[in-house]
Each structure stands twice: as structure tokens, then as C-alpha cells.
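Step one of this worksheet: look at the structure below.
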Amino acid sequence: MLIIGERINSSRKEIFKAIESRDEGFLRQVARQQVEAGADYIDVNAGAFSENEEGLLAWLVNIVQKEIDRPLCIDSPNPNAIEKAMRVHKGTPMINSISFEENRYRGIIPLAKESRAPIIGLCISDEGIPKTEDEKVRVADKLIHRLADDGIPFDHIFIDPTLQPLAIDSTSGRMGLNTIRRIRALHPEVHIVSGSSNLSHGLPSRKFINRAFLLMAMAAGMDAAILDPCDPVLMASFKAADLIMGEDDFCLKYIQSHREGKFKGFS
Amino acid sequence: MEVLQKISEELQKGNFKEVPKLVQEALYTGIAPSKILSDGLVAGMDVVGERFRMDEIFLPEVLISAKAMQAGMEVLRPRLVETGAKLAGKIVLGTVKGDIHDIGKNLVKMLLEGAGYQVIDAGIDVPIEKFVDAVKINRPNILGLSALLTTTMPMMKEVIESLIEAGVRNNVKVMVGGAPITEKFAKDIGADGYAPDAASAVVKVRELIG
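Residue numbers (my numbering), protein chains in the order written: chain A, 1 to 267; chain B, 1001 to 1210.
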């Protein structure tokens, strides 16, 4: 189960301010904290800066990699921004994201092919965000086939079911879980990823929704998550679910986390 | 007027079964359709918009109130047309080319209709020419542009420039909105107005139409 640390996102007020004021120390610390909490990739996003997204994204990659020894997840809808950031990135990053929309696909696929980077694929087509489960699965399937035809190995494909907030569509959770199950069944070798907080957008008391979704999605076959690893309750729940899913031989990881005090200080 | 008060209250509760019945009752007792609209439905929707802005209620609650509003309007609209009640203004809304986000735009549409405006929804991923045509054909008071991506924001400037080229820029006020949009951006591209959320959008529209 892959963890992508989500905190360095310009849509968060404190991160926006830090990027704006070029507070390198603060941002490096946020990256370090996420890695120490167990993140495998660190997501970086400068999308809130419409005027200089490209420059700022590249800058973020540069300073974060001074601090941590993990690959980054380069998060932008803009192919130029992704390209500039990838040039600065040491090693192979993850690309966040491509979709089945024609312009976006064409803009990003050359970067994916050339770099052999793992890539997150959103289930959106030129017809928009699919409103039914069947449509979602269909778009996912088409996207996977097209990526494979373009030489991207299944092991590098991370499909995101792209869930609508429950506040807009209260069947979105059930639809999302079914979509994950069906994609998992159709394409056992592909990875499935989701953000933990998409569903709860627009609702109060979001934490419990995020937590519940993470666990339910893992049971349905999701094997990567974009979340805040510095949320101890979320990570504790994740570790327990990982154990239950049979990903923890002799329960050693779980016992080790206990010994490290990762389950202390909250209930 | 008690029944108008009840309409507003039931709308606020999102009671989409009760609101049309109450609208019908108000019509039977001879209350003018335009008054039912302003003092019943719009009054209720104004409270909903305000409470949403203050984070007292949440998106799904706004949506069911909007549903109750629509249900009430189904009953009221034919009677409004009959009595020639003047709608407060005409607005064309759309999400710019390359962008498929529409939740905010749809919310603005519902609140504007709730406030008694005629809204023409051009949809999502709208090409520039379609916006220009919509302004030429419908002659709205306001053209509202929505974008949620930093990559599609620049389209807003292009729409405004195309309106200038087509010679219709001065016939319409242009408003812009969406999560990455700012007051500064709106000014920089030559828009006439900006609002940070749906409830504020209604206030701004009222201000611009006068």
C-alpha cells in the first residue's frame, strides 16, 4: 500500500503563504514530517498560483529534494509545469495526473513515455466526469488500455476513480467503492489510488468520512492513497487495515508501530 | 402574510413536497404571483444563501432548499408569465472552454433564479464563440464566467476580448468567479465584477444591474 503525502498543496492556506513568502525552511519541514510519518511519495502542488505555477512548482521540487530522499508526486493539470518540474527532479517522480480528455492526454503522454514515470490517471473524458458507475468503469478501462498501448507498464498506472463529493451526490461513495472493485477485477495488475478527502468536501466533521473511506476503499482493492500521513488516527487506521488485508507478515509492522508509540496519545 | 412566511420556512427546511402545495394555497387566496416569489421563495432562499455563507449550513442543505425552490417555481412560473411579472434581469452563465466544473455555477444559477432573475445556462466547456453568440442573441444584463482551473482562467480574458471585437462588450456586464479567481484577476482582465461565492454573486448581480 503506497502512501502519497498530500500536505504540500498550495490550496492549503499555510502552504500558500509559505510558497508566496518563499519560506523554504517551513516547507522542507513539512516534507520531512510526512516522510517520517511514513509517506512513500511527497505530492507537490502550486496550482493556486495562476501567474507563476511553472516556476514555483520547479522551485518546490528543488527545495523539497534538498531535505528528503523520496521521490515526489508532481501535481498539476498543466503539462508545461509538469515538464519543468520533472527536469529539476532527481530520480523518477510520479506524474499527477493524466486523464482521458484528449488535450490533456496528448499533452502529458510524451512526458510519461520518455520518463517511464508512474502516472496517476483520472477517470475524466471529454464528456466530463462520469455520473454513473458503468461510465466510470468504461472510462477507466479505456484510459488503462490507451496508456498500455502507449507503452506504460501496468505497474506504473495508478487509476483514480475521481469521486464527486458526497455533498453533491450522496451515492458517490457507494459508486466509488463499486468502481474500485470492478477496476480491480478487470485489471488486477493496475494500481488504484484516491485522495482521502475528496468525498467529504463541503461537509462538516470531515475526519470521520475520510477515515471510513480509506478503510472501505482498501477493502475494495485500492492500493495507494493520497492523504496526510501526519494525521495519527488516519495512519493508525491505515496500519490496522493494512494488517487485516494480509499485507503485514507476522504482524511485524503493526507491532513495530506500537513499539514506536505510533498508537499512543489518542483513542 | 402567514402563508408566505410558511413558504419561506419550508423552503429553508428543504421541504420540496410542501413548498409547491403552499405556493398553490397562496395563489388560491389571491396573493399576487410576484409577491409569492419575492416574499416567499426568494425570501427563503436569501436566508439559505446567507446561512451557507456563514458556514451555518452545508452544501447538501443548500441543494435541497434549491430543490424546494424549483418545485415552488414549477407551480409559480406559468402564473408569473400570465401576469407579466417582470423578472429582475437576464443573465447568461457558463463554464469556460477546457473546464468541466459546474457545481459553483449551478449554485449561482439556482440562487439567481431564486432571486427572480432569468438565467440562461450555456453549460460547461463553452467555446468563446458560443458566449459571444449568447450575448448577441439573448442580450443579457450580465454574462457570468466560471472557471475552476488555473489553466482555464486565461480563457476569461479571451472571452472579454472577443466581446470587444464583436462590438458587444458595452452591451453587457461581465462577472467572473471560481475558486482560483480573485478580485485582482477580475480587474486585470477587464471584468465588471467578481464574487467569491454564490451568495455574494447574487448581491453583486443586484449591484451591477441596479
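Note that CB positions come from ideal geometry on N, CA and C, so glycine has one too.
Proximity of residue i and residue j at Cβ, strictly below 7 Å
i	j	result
D43/A	E6/A	yes
H191/A	A220/A	no
R1150/B	D1099/B	For the record, residue 1150/B in the displayed sequence is Thr; it is not Arg. No, the Cβ-Cβ distance between T1150/B and D1099/B is not below 7 Å.
I74/A	G121/A	no
G1014/B	A1199/B	no
A167/A	P1060/B	yes
I4/A	I15/A	no
K131/A	T179/A	no
L203/A	F213/A	no
M1156/B	V1176/B	yes
A1066/B	V1019/B	no
D126/A	E102/A	yes
R211/A	S172/A	no
G1089/B	I1181/B	no
I1036/B	A1043/B	no
I226/A	G195/A	yes
A1068/B	F1131/B	no
A85/A	L57/A	yes
L1143/B	V1119/B	no
E114/A	A81/A	no
P93/A	A117/A	yes
V1062/B	V1023/B	no
A31/A	E67/A	yes
G1116/B	L1080/B	no
F100/A	L143/A	yes
V61/A	V35/A	no
F266/A	V233/A	yes
I183/A	D150/A	no
Rounded distance between the beta-carbons of residue j and residue i, thought under 8 Å
i	j	result
L1148/B	H1101/B	4 Å
A37/A	C230/A	5 Å
I1128/B	K1109/B	Wrong, their Cβ atoms sit about 21 Å apart, outside the cutoff.
I95/A	I124/A	Incorrect: roughly 15 Å between the Cβ atoms, too far for contact.
M216/A	M1/A	M216/A to M1/A, Cβ: 14 Å. No contact.
L111/A	V64/A	Between V64/A and L111/A the Cβ distance is about 19 Å, and since that is not below 8 Å, they are no contact.
S10/A	A48/A	4 Å
M222/A	V193/A	7 Å
V1202/B	L1112/B	6 Å
Heavy atom of the ligand NAD within 6 Å of residue i beta-carbon
i	result
K1035/B	By its list of ligands, the structure shown contains no ligand whatsoever, and the ligand NAD lies outside what it can speak to.
Residue i burial status per 10 Å Cβ neighbour count (16 or more: buried)
i	result
I1164/B	exposed
M1054/B	exposed
Q256/A	exposed
D1046/B	buried
L186/A	exposed
G1093/B	According to the sequence displayed, residue 1093/B carries Leu and not Gly. Classification for L1093/B: buried.
C251/A	exposed
D301/A	Residue 301/A is absent from the structure shown; chain A starts at 1 and stops at 267.
S21/A	exposed
G1040/B	buried
T1029/B	exposed
Q164/A	buried
P188/A	exposed
S76/A	buried
Q1012/B	buried
Q29/A	exposed
P161/A	buried
G1123/B	exposed
P79/A	buried
P1033/B	buried
D134/A	exposed
R104/A	buried
* To do: With 9 Å as the C-beta to C-beta threshold (strictly closer), list the residues of the segment 165-176 of chain A near chain B in chain order.
  => Residues are counted here when their Cβ sits less than 9 Å from a Cβ of chain B; for the segment 165-176 of chain A these are P165, L166, A167, I168 and S170, given in chain order.
* At a Cβ cut of 7 Å, what residues of the segment 1050-1080 of chain B count as close to chain A, listed as they run along the chain? -> For chain A, the residues of the segment 1050-1080 of chain B that bring a beta carbon within less than 7 Å of one of its beta carbons are F1058, L1059 and P1060, in chain order.
* Asked: If contact means a Cβ-Cβ distance below 7 Å, which residues of the segment 37-71 of chain A contact chain B?
  -> Under the 7 Å Cβ criterion, the segment 37-71 of chain A contributes G47, A48, S50 and E53.
* Can you give me, in chain order, the residues of the segment 175-191 of chain A that have a beta carbon less than 9 Å from any beta carbon in chain B? => If the cut-off is 9 Å between Cβ atoms, the segment 175-191 of chain A has nothing near chain B.
* To do: Enumerate, from N- to C-terminal direction, the unbroken beta strand (DSSP E) stretches of 3 or more residues contained entirely within the segment 1143-1186 of chain B.
  => The qualifying runs are 1173-1177.
* **Short-range partners of chain B found in the segment 199-210 of chain A, where Cβ spacing is below 7 Å** => Listed by position along the chain: G202, L203 and P204.
* **Runs of beta strand (DSSP E) wholly within the segment 1048-1128 of chain B (minimum 3 residues, chain order)** => Secondary structure within the segment 1048-1128 of chain B: the beta strand (DSSP E) runs of 3 or more consecutive residues, fully enclosed, are 1090-1095 and 1118-1121 (chain order).
* Entirely enclosed alpha helix (DSSP H) segments - the segment 119-183 of chain A, minimum 4 residues -> Positions of the alpha helix (DSSP H) runs, each at least 4 residues long and wholly inside the segment 119-183 of chain A, are given as 133-149 in order along the chain.
* **Runs of alpha helix (DSSP H) wholly within the segment 194-227 of chain A (minimum 4 residues, chain order)** => For the segment 194-227 of chain A, whole alpha helix (DSSP H) runs of length 4 or above, ordered along the chain, are 206-220.
* Asked: Of all the beta strand (DSSP E) runs that stay within the bounds of the segment 74-127 of chain A, which reach a length of 3 or more residues?
  -> Fully enclosed beta strand (DSSP E) runs of 3 or longer: 94-99 and 119-122.
* Check each residue of the segment 1120-1150 of chain B: if its Cβ is closer than 9 Å to any Cβ of chain A, include it; give the result in chain order. => Contacts with chain A (Cβ-Cβ distance below 9 Å) from the segment 1120-1150 of chain B involve I1124, D1125, L1149 and T1150, listed in chain order.
* For the segment 1085-1110 of chain B, which residues have a CB atom closer than 8 Å to at least one CB atom of chain A, in sequence order? -> Taking 8 Å as the upper bound on Cβ-Cβ separation, chain A lies near residues G1098, I1100 and I1103 of the segment 1085-1110 of chain B.
* To do: Could you list the residues in the segment 74-98 of chain A with a C-beta less than 8 Å from some C-beta on chain B, going in chain order?
  => Answer set for the segment 74-98 of chain A: P77 and N78.
* Asked: When Cβ atoms are compared, which residues of the segment 1164-1180 of chain B fall closer than 7 Å to chain A?
  -> The residues in question are P1180.
* **Residues within the segment 128-152 of chain A neighbouring chain B, beta-carbon criterion of under 9 Å** => Within the segment 128-152 of chain A, those residues whose Cβ lies closer than 9 Å to any Cβ of chain B are, in chain order, G128 and I129.
* To do: May I ask you to list, following chain order, the residues of the segment 1150-1162 of chain B that have a beta carbon less than 7 Å from some beta carbon of chain A?
  => Only T1150, T1151 and M1153 from the segment 1150-1162 of chain B bring a Cβ to less than 7 Å from some Cβ of chain A.
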